[in-house]
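Right, one structure below, let's go through it.
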Amino acid sequence: MQGLYTFADTTYCPHLTHAELARQLLKGGAKIIQLRIKNKSISEITRIAKEIMALKKEHGFTFIVNDNPQICADVDADGVHVGQEDIPVSQARKIVGPNKIIGLSTHSLDQARAAQNEDVNYIGLGGIFPTQTKPAGHPVLGVGILKKVVDLSRVPVVAIGGINRTNVKDIVATGAASFAIVSAINAADDIKLETNIFTTAQTGSSF
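At position 176 of the sequence shown (counting the first as 1) the number is 169 in my numbering, and the numbers step up by one without a gap.
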């Protein structure tokens, strides 16, 4: 899981469709896009997922579907991301098969340790910093815990939660495989430009 991890989630940019948002993210250099939709039917999410899959004809990127392994399988996305309260990883694996990516959200050192025994290809860890995207129920972990998880994990670690221009270098310094950005990009006036700024930071270049 290398490259900037972004979200086709229009919560912060309702004037865009999910496919339009994905196109802006890709133009800015995003290498991973997760489709995250909470308030639409399965058929509508599937339709949107197919629109984003069509962008693969023009762009090389990894496409992850949030929560729903069946949609991942139906549209032949690259993988699915599940949370601690979602479908179990073992069941998701049965649906998507052995060759798809499965990511798992973790919110503590203990959960990250437990995830090492799951059939996952990467783990998300957060929130690293305070965030408004998922404000309830999850403690702020900080870069110290992130570094511990990076060091112990057998799979790539994607940091998430409150990452912005000011603190992104602290994330890069931990050696995390990637970091995920939601509001700092999707709420920006120029999504393409903001994506490019974080893409540059992800490679370790100055910006």
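Glycine residues also receive a C-beta, built at the ideal position from the N, C-alpha and C atoms.
So S98 is in the beta strand (DSSP E); what residue range does that whole segment cover?
Here the question's residue 98 lines up with position 105 in the sequence shown. Residues 94 to 99.
Using a Cβ-Cβ cutoff of less than 6 Å, which residues in the same chain neighbour G155 once the five nearest sequence positions on both sides are dropped?
Here residue 155 refers to the residue found at position 162 when the sequence shown is read from its first residue. A distance below 6 Å between beta-carbons, with the five flanking residues on each side excluded, links G155 to the following residues of its chain, in chain order: G120, F122, P123, T124.
Local Cβ density within 10 Å of P62, reported as buried at 16 or more and exposed below that:
Residue mapping note: residue 62 aligns to position 69 of the sequence shown, counting from 1. By the neighbour-count rule (16 or more Cβ atoms within 10 Å), P62 is buried.
Short check: CB of V133 to CB of L97, under 8 Å?
The count along the sequence shown starts at 1 and reaches residue 133 at position 140. The count along the sequence shown starts at 1 and reaches residue 97 at position 104. In this structure, L97 does not lie closer than 8 Å to V133 by Cβ.
Between the CA atoms of P91 and A70 - distance to the nearest angstrom
Within the sequence shown, numbered from 1, the residue matching residue 70 stands at position 77. Within the sequence shown, numbered from 1, the residue matching residue 91 stands at position 98. Between the C-alpha atoms of A70 and P91 there is a straight-line separation of about 13 Å.
Is the stretch 144 to 155 touching the stretch 93 to 112 in the sense that three or more CB pairs, one from each, lie closer than 8 Å?
In short, these stretches touch, since the Cβ pair count reaches three.
Is F54 near Q27, with beta carbons less than 8 Å apart?
The count along the sequence shown starts at 1 and reaches residue 54 at position 61. The count along the sequence shown starts at 1 and reaches residue 27 at position 34. Not closer than 8 Å, so no.
What residues in its chain sit with their C-beta under 6 Å from that of Q17, if we drop five residues either side in the sequence?
Counting from 1 along the sequence shown, the entry for residue 17 is found at position 24. So the qualifying residues of the chain are I184, K185.
Own chain residues within Cβ distance below 7 Å of G168, not counting five before or after
As a working note, residue 168 is residue 175 in the sequence shown. Leaving aside the five residues that flank G168 on each side, the residues in its chain whose CB is nearer than 7 Å to its CB run, in chain order, V143.
For a test of the three-state rule: what should DSSP assign to F191, helix, strand or coil?
Here residue 191 is taken as the residue at index 198 of the sequence shown, counted from 1. Residue state, collapsed to three classes: helix.
Could one say the Cβ of A105 lies closer than 8 Å to chain C's Cβ atoms, at least one of them?
Considering every chain present, this structure includes no chain C. It has just one protein chain.
Close-in-space but distant-in-sequence residues of the same chain around L251 (CB under 7 Å, 5 per side omitted)
Residue 251 falls outside the range modelled here, since the chain spans only -6 to 200, and no answer is possible.
Do I57 and I202 count as a contact pair if the criterion is CB distance below 8 Å?
Past the edges of the chain, shown from -6 to 200, lies residue 202, and the structure says nothing about it.
When DSSP labels each residue in this structure, what does S199 get in the three-state scheme?
Locating residue 199 in the sequence shown gives position 206, counting from the first residue. Here S199 scores only 40 on pLDDT, less than 50, and its place in the model should not be relied on; the value that follows carries that caveat. Of the three classes helix, strand and coil, the one that applies to S199 here is coil, per DSSP.
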